[in-house]
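Residue numbers (this note's numbering), protein chains in the order written: chain V, 16 to 178; chain G, 21 to 434. The structure appears right after this line, and notes come after that.
Set out below in structure tokens:
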């Protein structure tokens, strides 16, 4: 099973899509143009500080709000390896899967970690932190199919006989 | 065992009995794409290798968030949209007729029992006529445009019963804000809401729209009302037995049941900066305000403008307050002009804008700065939604909003 480690950034409950990327930047041409403004209403400095491979750990209802798919795309563009939250909002969850951003649900980790700590994730199995193991659920098969295809675009290209 | 409304809609669509948790593929009756996402939908659609729409007549493109363009970059969205319409033979496009969620039912694109997806989270709105409708991202929209299908997980249902007569200063907005406050911003995540009881039976379709519109603020996948005679009249159709049967059965299984007495509701507001931070207006009285916004897909309908006009008739708004009124559609704008509502609002000092999303998404006019306070009738009060992240946004009913505009501070409407 795939295993990776990373430094964590800690956020609170109800991190909404207007925080992840405010509407005023949505008309910028590419997600890479938008990425510097990620999380700017809450923590304007954050987008400049995160490094590829870092992990976000947040509270409940991460990604609530609008259907803007730029939200997971931008998090991915920043190089964030995974978002671990107590729970995720529905549309954000689907959008993340479709864009290959890894989301992990765990309701305990957020309350014990501090920003800057390092954690190790074993996909579909567990998270290790400070000598303790936190179990995580495996994703349902139909979602793993999309992820394994490399996202929904690639799955559809396959359907259309392009790849 | 009986079924909930959403279980019946999915069963009718797939021809199979379903239960919550089942993952099924549904045939989509209609889709809506708005201006912000059309460039992304168009490029994903082509990247996926599709060369034609599964059914051009089932696709609706609506320009509303960026209308009229306020930044040069916005014009690209219209250009790409127009090219997409031309290339794929679409007929259903609205370039300046109003807000997408208003037009989808108003222009007759959505009927009871339909399954509809849109590239906007407030697509839950069409539950007002008994349709299963939900928001999705642009990648999934692109795959529906090619295939006409979508996988869904059949949701559990939260039943909300409301009985009795509402106090005169309470609107549907107050009810849904109270419910969101009780459920919490994630209390209905992945779930369907189902509204019933004589209070909602007596409501107009417009009031039901305000409620289904905001269901997403509790995380809901959809929010359903049983189609009735009012629905039939609004949709300009006769209901068949299949549509009349879209009622939650007595022996249906609900994951949660909420019971409310209409008489217990009071005017409320969602306080900064979460929609579930709901307090009685009475507890907020006296807070000075800078601006009032009446509009949006939540509360920009004729009955909302008329409710505001009733409060504002023969009165002047406070001199330091800006009141922005944005009708949800051109049709509503014209009706409000004909019946004198616009004249009443303008005479009180209101700025009347063109039908669009307007200030709700912080785009076409009225943004605020640090320390300013706005009372608004739309659906979100998130940080930075109407200007800087230090703007305080209080969400309220049109009656409450109008009363605040006159007082220059938060007050309970009479």
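The C-beta atom is built at its ideal place from N, Cα and C for all residues, glycine as well. Source: prediction; values computed, not measured.
| task | Measure how close the beta-carbons of residue 317(G) and residue 233(G) come, nearest whole angstrom, since I'm counting them as under 8 Å. | result | 6 Å
| said: Would residue 120(V) pass as an interface residue toward chain G - the criterion being a Cβ-Cβ separation below 8 Å? | reply: Proximity of residue 120(V) to chain G, defined by a Cβ-Cβ separation below 8 Å, is not satisfied.
| query | Anyone know if the C-beta pair for residue 53(V) and residue 112(V) falls short of 8 Å? | reply | Residue 112(V) is positioned such that its CB atom lies no closer than 8 Å to that of residue 53(V).
| query | Do residue 130(G) and residue 149(G) have their CB atoms nearer than 8 Å? | reply | yes
| query | If you scan the stretch 374 to 419 of chain G from start to end, which runs of the beta strand (DSSP E) of 3 or more residues do you find wholly inside it? | reply | 393 to 396 and 412 to 415
| residue 17(V) and residue 138(V): beta carbons closer than 8 Å? | Pairing residue 17(V) with residue 138(V) gives a Cβ-Cβ distance under 8 Å.
| Between the beta-carbon of residue 245(G) and the beta-carbon of residue 264(G), is there less than 8 Å? | Taking a C-beta distance under 8 Å as the contact criterion, residue 245(G) and residue 264(G) do not qualify as a contact pair.
| query | For residue 242(G), which residues does DSSP report across the bridge? | reply | 212(G)
| chain G beta carbons: is any one of them nearer than 8 Å to that of residue 175(V)? | Interface with chain G (8 Å Cβ-Cβ cutoff): residue 175(V) is included.
| task | Specify the secondary structure class of residue 225(G) as computed by DSSP and reduced to three states. | result | helix
| field | Alpha-carbon spacing of residue 84(V) relative to residue 139(G), whole angstroms | value | It is roughly 9 Å from the alpha-carbon of residue 84(V) to the alpha-carbon of residue 139(G).
| query | Using the beta-carbon count (16 or more within 10 Å), is residue 177(G) buried or exposed? | reply | buried
| Thinking C-alpha only, which one of 123(G), 144(G) and 426(G) is nearest residue 26(G)? | 144(G)
| task | Kindly indicate if chain V contains any beta-carbon less than 8 Å away from that of residue 171(G). | result | Yes, residue 171(G) lies at the interface with chain V (some Cβ there is under 8 Å from its Cβ).
| request: Flag residue 72(V) as yes if its beta-carbon sits less than 8 Å from any beta-carbon of chain G, otherwise no. | output: Cβ-Cβ to chain G under 8 Å: no for residue 72(V).
| field | Beta-carbon neighbours of residue 39(V), restricted to chain G and to distances below 7 Å | value | 382
| message | Give the list of continuous alpha helix (DSSP H) stretches no shorter than 4 residues that lie fully inside the stretch 68 to 138 of chain G. | response | 94 to 107 and 120 to 126
| task | Could you list which residues in chain V have their beta carbon closer than 9 Å to that of residue 400(G), in chain order? | result | For residue 400(G), the C-beta contacts it makes with chain V under 9 Å involve 31, 33, 80 and 81, in order along the chain.
| said: Using 8 Å as the cut-off, can you tell me whether the stretch 320 to 327 of chain G makes contact with the stretch 292 to 299 of chain G, which would need three or more C-beta pairs spanning the two stretches below that distance? | reply: no
| First and last residue of the uninterrupted beta strand (DSSP E) at residue 183(G) | 177 to 183
| query | In its own chain, which residues sit with a C-beta less than 7 Å from the C-beta of residue 275(G), not counting the 5 before and 5 after it? | reply | 176, 177, 178 and 211
| said: Less than 7 Å between C-beta atoms, sequence neighbours within five positions excluded: which residues of the same chain meet that for residue 159(G)? | reply: 64
| message | Measuring straight from C-alpha to C-alpha, what distance separates residue 283(G) and residue 182(G)? | response | 10 Å
| Taking just the CA atoms, how far does residue 146(G) sit from residue 247(G)? | 11 Å
| said: Counting only beta-carbon separations shorter than 8 Å, does residue 110(V) have a partner in chain G? | reply: yes
| request: Quick one: residues in its chain with C-beta nearer than 7 Å to the C-beta of residue 162(G), no 5 flanking neighbours on either side, listed in chain order? | output: 61, 64, 65 and 68
| Just checking my contact of residue 208(G) with residue 239(G) at CB under 8 Å: how many whole Å lie between their CB atoms? | 5 Å
| said: My parser needs the alpha helix (DSSP H) runs of 4 or more residues fully inside the stretch 262 to 323 of chain G; what are they? | reply: 316 to 319
| message | What does the alpha-carbon distance come out to for the pair residue 215(G) and residue 180(G)? | response | 5 Å
| query | Taking the beta strand (DSSP E) that residue 80(V) falls in, what are its first and last residues? | reply | That residue, residue 80(V), is in no beta strand (DSSP E); it is neither H nor E in DSSP.
| said: With DSSP as the reference, identify every bridge partner of residue 196(G), one or two as the case may be. | reply: Answer is none; residue 196(G) lacks a bridge partner.
| field | Same chain only: Cβ atoms within 6 Å of residue 412(G), ignoring 5 sequence neighbours per side | value | 292 and 393
| task | For residue 343(G), name the three-state secondary structure that DSSP assigns. | result | strand
| said: Short of 7 Å in beta carbon distance, which residues of its chain neighbour residue 154(G), apart from the five on each side in sequence? Order them along the chain. | reply: Contacts found: 137, 143, 144, 241 and 242.
| query | So, does the CB of residue 243(G) fall closer than 8 Å to a CB anywhere in chain V? | reply | no
| request: Compute the beta-carbon to beta-carbon distance between residue 73(V) and residue 35(V), rounded to the nearest angstrom, for a pair I have assumed lies under 8 Å. | output: With 8 Å as the limit, residue 73(V) and residue 35(V) do not qualify as a contact, their Cβ atoms being about 11 Å apart.
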